[in-house]
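Numbered according to our numbering, the sequence shown spans residues 1 to 127.
Positions of the beta carbon are idealized from the N, C-alpha and C atoms, including for glycine.
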Amino acid sequence: MFKNKVESVSKRIDKLKVKHQIDIINTKQKIIDDLLIEYPFLEEYKKDIYMKFLNKESPEIKKTKEKEIILDQFKYKDKIYYKDDNNSIWDDKANLIGVIRKYKNNIPQCDFFNEKQIDNIKNFDLV
């Protein structure tokens with residue numbers, strides 16, 4: 001019985017962490033949107049600004065066990081995705097759906113896999 005209560009509290013804490021992280025992201029997004037209204041010439045860099053400021057990692061999140069994968073949440077075209085340390089893009093069901101590439105001008109670009117590429121990944125035998 002005690003174990004169930006601990007698990008219940010642990011799940012509740014995890015849900016609250018996610019909720020607060022989403023609230024922080026939404027607040028950052030609102031601030032960026034307000035700045036873009038004030039400085040419309042920055043509109044052409046909107047995507048880059050979002051990628052830079054919404055994907056900052058907090059130092060306490062980096063502490064992890066060896067076999068854990070830490071995913072950073074980011075918003076792209078009004079959808080929530082997750083990025084790992086290798087710049088792989090994951091959906092909310094833990095499916096690998098793309099990568100973030102950095103080009104010469106160091107602007108991150110999301111490259112989503114097409115259906116054929118996704119099927120090839122699913123059929124890839126990991127040893």
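Cα-Cα separation between L71 and K77, rounded to whole angstroms: Working through the sequence shown from its first residue, we reach residue 71 at position 71. Working through the sequence shown from its first residue, we reach residue 77 at position 77. One C-alpha to the other measures close to 19 Å.
Buried/exposed call for K19, threshold 16 Cβ in 10 Å: Position 19 of the sequence shown, counted from the start, is the residue given in the question as residue 19. Exposed is the call here.
Cβ-based burial, F74 [other Cβ within 10 Å; buried from 16]: Counted from its first residue, the sequence shown places residue 74 at position 74. Buried.
Beta-bridge partners of Q21, as assigned by DSSP: Position 21 of the sequence shown, counting from 1, holds the residue named residue 21. Paired residue(s): none; Q21 is not in a bridge.
Whether E43 touches L36 by CB criterion (8 Å): Counted from its first residue, the sequence shown places residue 43 at position 43. Counted from its first residue, the sequence shown places residue 36 at position 36. Yes, Cβ-Cβ distance for E43 and L36 is below 8 Å.
For R101, the residue or residues it bridges with in DSSP: As a working note, residue 101 is residue 101 in the sequence shown. Q109.
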